[in-house]
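Down below is the structure, laid out as structure tokens.
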Amino acid sequence: MTTTIRRRERPAVAPARDRGGRGLLRRLRQDWWIYLFLLPTLLGYGAYTVYPLLASWWFALLDWPGFATAGTFVGVENFERLIGDDLFWNAFWNSIVFLVFAVPLRVGLALALALVLNRKKTPFKGFFRTLFFLPVVTTGAIVGVVFTLLLDASGPVSLALVWSGLIDSPANFAAGAGTSLYAGIAVWVWKWLGITLIYWLAALQTIPQGVHEAAMIDGAGAWAEFRHVTMPLLVPFLVIITLIDTVAAFNVFDLMQTLTGGGPSFSSEVIEIFIFRTAFQATVPQLGYASAAAVLFGLLTMGFAIAQAVGMRWARGRTGAS
Numbered sequence: 000m001t002t003t004i005r006r007r008e009r010p011a012v013a014p015a016r017d018r019g020g021r022g023l024l025r026r027l028r029q030d031w032w033i034y035l036f037l038l039p040t041l042l043g044y045g046a047y048t049v050y051p052l053l054a055s056w057w058f059a060l061l062d063w064p065g066f067a068t069a070g071t072f073v074g075v076e077n078f079e080r081l082i083g084d085d086l087f088w089n090a091f092w093n094s095i096v097f098l099v100f101a102v103p104l105r106v107g108l109a110l111a112l113a114l115v116l117n118r119k120k121t122p123f124k125g126f127f128r129t130l131f132f133l134p135v136v137t138t139g140a141i142v143g144v145v146f147t148l149l150l151d152a153s154g155p156v157s158l159a160l161v162w163s164g165l166i167d168s169p170a171n172f173a174a175g176a177g178t179s180l181y182a183g184i185a186v187w188v189w190k191w192l193g194i195t196l197i198y199w200l201a202a203l204q205t206i207p208q209g210v211h212e213a214a215m216i217d218g219a220g221a222w223a224e225f226r227h228v229t230m231p232l233l234v235p236f237l238v239i240i241t242l243i244d245t246v247a248a249f250n251v252f253d254l255m256q257t258l259t260g261g262g263p264s265f266s267s268e269v270i271e272i273f274i275f276r277t278a279f280q281a282t283v284p285q286l287g288y289a290s291a292a293a294v295l296f297g298l299l300t301m302g303f304a305i306a307q308a309v310g311m312r313w314a315r316g317r318t319g320a321s
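Counting in numbering that gives the first Met the number 0, the sequence shown runs from 0 upward without gaps.
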């Protein structure tokens, strides 16, 4: 006797991708009025971010002095001019010098302060955290104007250094050819130190207290504990924080423009000031040429942003593995 078992036919199931697509369309039809609230933001973002970004790529291919309604298409001539422009490379290397000195200084000082303020025995921790964070909420242009007065030859910084015997005569650090760029670095580090301090404090909170207690039981001193216990656990955060500060070090236009204006003799002119001067402060504005410089600057910043994304992904993987 042969028994035939009939399998129960299952209804066809739509692929997850199709279901997800239809579900999204259904939600859009049902809740279309909610997305109307996003319309002003989308319009503003498109008009003031997306359009200028795309337009700069087109303007970079034009010879456009700014007076005419339209420029003349010249292809890659603006980029060829930039390669041979000594002032552009001067601004480029000034930006690199700013980056090389400012980022390690900001990251290192913030880490040292975070280690002190993270200790239980440190008095007035809340007060000092607020004190270091206050410059962050101050406008960069205002900070630049204030430090122009503080770093003047008759300002308190110069007078204090003369009184202490560190320098022989008063000096205007923001207007000196050899000091203006480094004065900008010092002011930038002071202004943004608080935000990096917050990053490090958050990173230190991820280390279990038992790890520190185990190191103390083993007889490890403060330096040995930091070197062999704390710092290895902070390496993923070090990568993320360094890359974040690196990208931020390219956005110093407001501070440097008000503090030094790129002078004297272009000694502190970074790429952003070069673009602004070429486009708006020249006798004959060169909007196409400035757009070409902005495109190269954007590609450079994009490269660091990609490195930041890769570094953050690596750091997450490292943290998850540990």
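Note that CB positions come from ideal geometry on N, CA and C, so glycine has one too.
- Separation of the CB atoms of leucine 254 and glycine 177 is rounded to 19 Å, and the pair is thereby denied contact status at 8 Å.
- Spatial neighbours of glycine 154 in its own chain (CB-CB distance under 7 Å, excluding positions within 5 residues in sequence) are listed in chain order as Leu148.
- Taken through DSSP and simplified to helix, strand or coil, threonine 71 comes out as strand.
- Here phenylalanine 123 is exposed. Its C-beta has fewer than 16 other C-beta atoms within 10 Å.
- For threonine 229, there is no enclosing alpha helix (DSSP H), as DSSP gives it neither H nor E.
- The three-state reading of DSSP puts aspartate 85 in helix, counting H, G and I together.
- Of the residues Trp189, Ser55, Ala159, the one whose Cα lies closest to the Cα of proline 103 is Trp189.
- 8 Å or more divides the Cβ of serine 94 from the Cβ of valine 228.
- Apart from sequence neighbours up to five positions away, the residues of its chain that approach threonine 195 with a beta-carbon distance below 7 Å are Arg105, Val106, Ala109, Ile240, Asp244, ordered along the chain.
- Counting of Cβ neighbours within 10 angstroms places leucine 42 among the exposed residues, the total staying below 16.
- Annotated as proximal: glycine 287 and aspartate 62, with beta-carbon spacing under 8 Å.
- Taking the CA atoms as reference points, phenylalanine 131 sits about 38 Å from alanine 291.
- In this structure, DSSP gives leucine 61 an extended state, which the three-state scheme calls strand.
- The three-state secondary structure of aspartate 253, taken from DSSP, is helix.
- Serine 179 is not a Cβ neighbour of proline 169, given a cutoff of 8 Å.
- Within the same chain, and ignoring the five residues on either side of glutamine 285 in sequence, the residues whose Cβ sits closer than 6 Å to its Cβ are Thr277.
- Between the alpha carbons of glycine 22 and tyrosine 34 lies a distance of about 16 Å.
- For glutamine 29, the secondary structure class from DSSP, reduced to helix, strand or coil, is helix.
- Taking the Cβ atoms as the reference, glycine 310 lies roughly 22 Å from valine 251, outside the contact range of under 8 Å.
- Taking the C-beta atoms as reference points, phenylalanine 146 is found no nearer than 8 Å to alanine 174.
- The beta carbon of leucine 27 sits closer than 8 Å to those of Tyr34, all from its chain and outside the five residues before and after it, given in chain order.
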